[in-house]
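Quick note: to get this note's numbering, add 325 to the position in the sequence shown (first position is 1).
Remarks on the structure that follows.
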Amino acid sequence: CTGTLTVSTCNAATFDTDLVMYTGNCGKLQQIACNGDDDSCSDYTSRINVSITSGENYLIRLGGWANGDAGEGTLNLYTWNDCTK
């Protein structure tokens, strides 16, 4: 099953977020998406849309834009295909 995954801190964090998504395993990761400030989000929050495939490994990295950027927030994950059937 394949579909699109949306990973977002859009309007849901109190700091300047950066999102990066990788495929693979630790030690052999390949970056497939990144975003620092999505144009449709406020307060320098981020959103990425990624094509995903069931059975693959993915790693999501959430951080701040600069050293010391930190705060509270929510990491939202949305998928539009039900691959459990």
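For every residue, glycine included, the Cβ atom is placed at its ideal position computed from N, Cα and C.
Here the structure is a predicted model, which is why all the values come from computation and not from measurement.
If you reduce the DSSP assignment to three classes, tell me which class residue i lands in.
i: S333; result: strand
i: C408; result: coil
i: G393; result: coil
Since residue i sits in a beta bridge, which residues does DSSP pair it with?
i: D343; result: G388
i: N350; result: K353
i: N382; result: Answer by DSSP bridge pairing: none, since N382 is not bridged.
i: T327; result: T378
i: C359; result: V345
i: Y403; result: T331
Compare the C-alpha of residue i against each of the options and name the closest.
i: S371; options: N401, I377, C351; result: N401
i: Y347; options: C408, D394, I385, G396; result: I385
i: W405; options: D341, S365, I377; result: I377
i: G388; options: L344, I373, C408; result: L344
i: N382; options: G349, N360, C408; result: G349
i: S333; options: G393, C366, N392; result: C366
i: A337; options: D363, G393, G380, C359; result: D363
i: I330; options: I373, T342, C359; result: First, the amino acid is wrong: residue 330 is Leu here, not Ile. Considering only alpha carbons, the answer is I373.
What does a CB cutoff of less than 8 Å around residue i pick up in its chain, not counting 5 residues either side in sequence?
i: T339; result: D368, G396, E397, G398
Taking 9 Å as the CB-CB cut-off, is residue i touching chain D?
i: G398; result: Protein chains in the displayed structure number just one, and chain D is not present.
Starting from the C-beta of residue i, find all residues in its chain whose C-beta is less than 6 Å away, skip the five residues before and the five after it, and write them out in chain order.
i: C408; result: C326, S379
Fill in: Validate contact between the region 353–366 and the region 392–408 using beta carbons, cut 8 Å, 3 pairs
no
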